[in-house]
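Undergrad:
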RNA sequence: GCUGGAGUGGUGAAAUGGUAUACACGCAGCACUCAAAAUGCUGUGGCUGCAAAGCCGUGUGGGUUCAAGUCCCACCUCCAGCACCA
């Protein structure tokens, strides 16, 4: 038999599969159930790295397995093609972002094919193509129609590096998620999506989902719902003495938010955020709010104003402090230094009274029960070129007017100057012939919105488009959505827990409410995968120089080896991080070589060995279902090793091995399958079944313990009853030695496993 | 600080409360070879011992149990997310 040459056979079969349309997924197959296996689509960064393989090839194993179980499995791929990183990279390389993105996509598509994944390329979506973003704009206008997209002048996160606004979710520890620049607060007129309206449902509906607890917890934590009360504090009359700036406001009360209204008797002062102080008193008293982490020292100034504690009638001072956030609750709190660590620290520093041992109040005795959230509305305006144009026209007389549906898509104009400006305006604002337009309502002169949408808007609905990718009447027909949604299994990166995953759930709920989709939750089962580290066990990055190029390994070891190695490296259902170890990958190649060589031992006379193979079928099936690919591979290795020791293997057993291995190593198994005379693809074959009765062993090896320490082992028929097992164990010389004449007080028998003789 | 998760050989890691370290890498020795690579075989937690065997071992300290990596309590360390959120 010829040698195993992955280079040759992998190319051959990839071409063959493509030509025969093996992975083109029909919308319906008679007698088969549809199943939707989704991976987060690719960002067209330029080239594929080992992390992409890990993200796509391991779920591909799952998709292939489900297909062999008789499901009609949709496993699509696309490109998240709009966005800052592509634009930044294009600027750096002095290429137009469009050119950069689309040439990257062409290259990556080729690389992705070398992986031997079962993607249905006929359903590919590219968010930067007008056929796609037409519908992004359409959906944005639906939000607008429902009052869920609105403009507001608010302090926003401004990234001076990317020269654009960021959503809260994109600010990590005060820094830009993309470029690491320190994020500044800036007041700007921005488009927002009203995700806060959905805060409760985004928490409550998690209950029904088959998601790992840690993902649910993170989302709940991020939304940050807390129950509390709003309490009005009356100001004393001396507050009405005129302010220097021209008189007091009609100010009579300050509303505070607290989660502990029961502690109101202990409140000895009020604290307000500087921004709130400006609103109330026209003065921030020189205090700046401490939003940055490093500014931890608590600062404050007594405003001189006083309020009455409604519980005990005491007059208490009002302070402006840097540790109260203006954008949470009411921006004002009642301070109970006896009960709250921060208030105590502040009270001690400024010698404010601390009232220990005060009386407790009822929850709603002095205020009204309210629920507050940490979640903010989603700022979707981006002052950048490479994004989906916001389909709004600003008219002096009519205000913000939606572009009529028939005029969609609003095509992103080709420009020469796509560099972001320092003025906070999108490069599109310089394209006068594009900006100047007519108002669709009154026909007067009007201006187009020049901001583009956050990339996360594009990716909030891409999985719906896969269901009906070429529809030019709707973003997806209800029939096709019914056909595929909800996603049965969604695999992706942990970094999207409070971004993409939250945004797309919100998006889907809105579409559900306006009856455009059939379900309120898009993803039934979700799994966050781990990370592949460099050989130095550090996160892969260009600056560290530890980025692993999979192409090298594919040409040296073969795609099948790389795929199987990535499956073998550790459990996929845990968010671990695994170093890329080329030596260990060699071990997987050796395993595939053994499978190849084993075909020489096929004997038509040999009988199938269910007792050996059936437990492995069960093990591999169970492990793939729960994404424990590592132990599935290990079980296959054990199986192949045991057959390699023998002189011959039956044809049926060998075929079973190939079938079990097919999802992991699709090329070598296809080659060997055909070498056995099969004319159709192994990937159309049915997953092996097993006989439960063959899984139960006939002979059991008992661990024989004396006082819980293993002293011997004992092979007995599983049918042996407890007394027989006891007698056999007691007859062992090793046991006699430890008993040394004493009689046991207790003998415990665990059928098929353990005998414990307790003296 | 809060929320979640994890600590097992030289390494990646296995283990329904029931023989801890499967599988793989690495390492050592042997075979094949002029040699090397490749391949195959053997060994590989620590300590004592020529051996037979024995003792100790899953971050630390307690507990439950005939039996604990696994369950309970306390602590330590690491990872992820959140963080002056009242």
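Numbering (the working numbering), first residue to last: 631 to 1389. The beta-carbon is built from N, C-alpha and C at its ideal position, and this holds for glycine as well.
So the beta strand (DSSP E) residue 950 belongs to, where does it begin and stop?
TA: Counting along the chain, the beta strand (DSSP E) containing residue 950 begins and ends at 945–951.
Undergrad: Which same chain residues, not among the five before or five after residue 790, have their C-beta less than 7 Å away from its C-beta?
TA: So the qualifying residues of the chain are 811 and 814.
Undergrad: Residue 960 to residue 887, Cα distance in whole Å?
TA: Spanning the two alpha carbons is a distance of roughly 6 Å.
Undergrad: Any contact between the segment 1151–1168 and the segment 1201–1208? By contact I mean 3 or more CB pairs, one from each, below 8 Å.
TA: Because the criterion of three Cβ pairs below 8 Å is met, the segment 1151–1168 and the segment 1201–1208 touch.
Undergrad: Given this structure, state the Cα-to-Cα distance separating residue 1046 from residue 1183, to the nearest angstrom.
TA: Taking the straight line from one Cα to the other gives about 40 Å.
Undergrad: Which of helix, strand or coil does DSSP assign to residue 1308?
TA: Correct three-state label for residue 1308: coil.
Undergrad: In angstroms with no decimal places, state the Cα-to-Cα distance between residue 767 and residue 1157.
TA: Cα-Cα distance, rounded: 30 Å.
Undergrad: Is the separation between the beta-carbon of residue 1390 and that of residue 833 shorter than 8 Å?
TA: Outside the shown range of the chain (631 to 1389) lies residue 1390, about which nothing can therefore be said.
Undergrad: Would you tell me roughly how many angstroms separate the C-alpha atoms of residue 1026 and residue 1087, rounded to the nearest one?
TA: Going from the Cα of residue 1026 to the Cα of residue 1087 covers about 28 Å.
Undergrad: My output table needs one value for residue 1000: the three-state DSSP class, helix, strand or coil.
TA: Three-state result, residue 1000: strand.
Undergrad: I'd like the span of the beta strand (DSSP E) that includes residue 641, first residue to last.
TA: Taken as a continuous stretch (DSSP letters only), residue 641 belongs to no beta strand (DSSP E), being part of the alpha helix (DSSP H) at 636–650.
Undergrad: Following the continuous beta strand (DSSP E) through residue 751, name the residue where it begins and the one where it ends.
TA: First-last for residue 751: undefined, no H or E at that position.
Undergrad: Among 1058, 1050 and 1053, which residue has its Cα nearest to the Cα of residue 1041?
TA: Considering only alpha carbons, the answer is 1058.
Undergrad: Which class does residue 1326 belong to by DSSP, given the choice of helix, strand or coil?
TA: Residue state, collapsed to three classes: coil.
Undergrad: Who are the near neighbours of residue 1345 in its chain, counting only those whose CB is closer than 7 Å to its CB and skipping five residues on each side?
TA: So the qualifying residues of the chain are 1329 and 1331.
Undergrad: Restricting to Cα atoms, I'd like to know which of 1126, 1237, 1012 and 1287 is closest to residue 793.
TA: Ranking 1126, 1237, 1012 and 1287 by Cα distance to residue 793 puts 1012 first.
Undergrad: By the three-class DSSP mapping on this structure, what secondary structure does residue 849 have?
TA: Helix at residue 849.
Undergrad: Please identify the residue among 1335, 1351 and 1282 whose C-alpha is closest to the C-alpha of residue 1232.
TA: Looking at the Cα atoms, 1282 is the closest of the given residues.
Undergrad: What do you reckon, are the CB atoms on residue 598 and residue 1228 nearer than 8 Å?
TA: Only positions 631 to 1389 of the chain appear in the structure, and residue 598 is not among them; the question remains open.
Undergrad: Label residue 1380 either buried or exposed according to how many other C-beta atoms from any shown protein chain fall within 10 Å of its C-beta, with 16 as the threshold for buried.
TA: Under this definition residue 1380 is an exposed residue.
Undergrad: Candidates 1004, 931 and 995: which alpha carbon is nearest residue 957's?
TA: The candidate whose alpha carbon is nearest that of residue 957 is 1004.
Undergrad: May I ask which residues mark the beginning and end of the beta strand (DSSP E) holding residue 782?
TA: 779–789 is the extent of the beta strand (DSSP E) around residue 782.
Undergrad: Rounded to the nearest angstrom, what separates residue 829 and residue 1002 at their Cα positions?
TA: Taking the straight line joining both Cα atoms gives about 10 Å.
Undergrad: Let me confirm a value: residue 933 is counted as buried when at least 16 other C-beta atoms fall within 10 Å, else exposed. Which label applies?
TA: Buried.
Undergrad: Taking only the alpha-carbon atoms, compute the straight-line gap between residue 875 and residue 935 and give it to the nearest angstrom.
TA: Reliability of the predicted coordinates at residue 875 is poor, the pLDDT of 45 falling under 50, and the value obtained from them is presented with this limitation in mind. Going from the Cα of residue 875 to the Cα of residue 935 covers about 16 Å.
Undergrad: Counting C-beta neighbours from all protein chains within 10 Å, is the total for residue 690 16 or more, i.e. buried, or is it exposed?
TA: With 16 or more Cβ atoms within 10 Å of its Cβ, residue 690 is classed as buried.
Undergrad: Looking only at DSSP bridge pairs, what is residue 888 linked to?
TA: Residue 888 is bridged to 859.
Undergrad: Excluding five sequence neighbours on each side, which residues of the same chain lie with their C-beta closer than 7 Å to the C-beta of residue 1371?
TA: For residue 1371, where only same-chain residues beyond five positions count, there are no Cβ hits under 7 Å.
Undergrad: In this structure, what does DSSP give as the bridge partners for residue 805?
TA: In DSSP, residue 805 forms a bridge with 802 and 812.
Undergrad: Mapping the DSSP letters down to three states, classify residue 1383 as helix, strand or coil.
TA: Residue state, collapsed to three classes: coil.
Undergrad: Helix, strand or coil: how does DSSP classify residue 1255 here?
TA: Residue state, collapsed to three classes: helix.
Undergrad: For residue 783, I'd like the list of residues in its chain whose CB is within less than 8 Å of its CB, leaving aside the five on either flank, ordered along the chain.
TA: Within the same chain, residue 783 has close Cβ partners 817, 818, 819 and 820.
Undergrad: Could you give the first and the last residue of the continuous beta strand (DSSP E) run that contains residue 1109?
TA: Residue 1109 -> not in any beta strand (DSSP E); alpha helix (DSSP H) instead, spanning 1108–1114.
Undergrad: For residue 678, which residues in the same chain have their Cβ closer than 7 Å to its Cβ, ignoring the five residues on either side in sequence?
TA: The answer, listed in chain order, is 738, 741, 742 and 1180.
Undergrad: Going by the CB atoms, is the gap between residue 894 and residue 962 shorter than 8 Å?
TA: In this structure, residue 894 does not lie closer than 8 Å to residue 962 by Cβ.
Undergrad: Can you give me the Cβ contacts of residue 797 inside the same chain, cut-off strictly under 7 Å, excluding the 5 residues immediately before and after it?
TA: Correct list, in chain order: 1008, 1009 and 1084.
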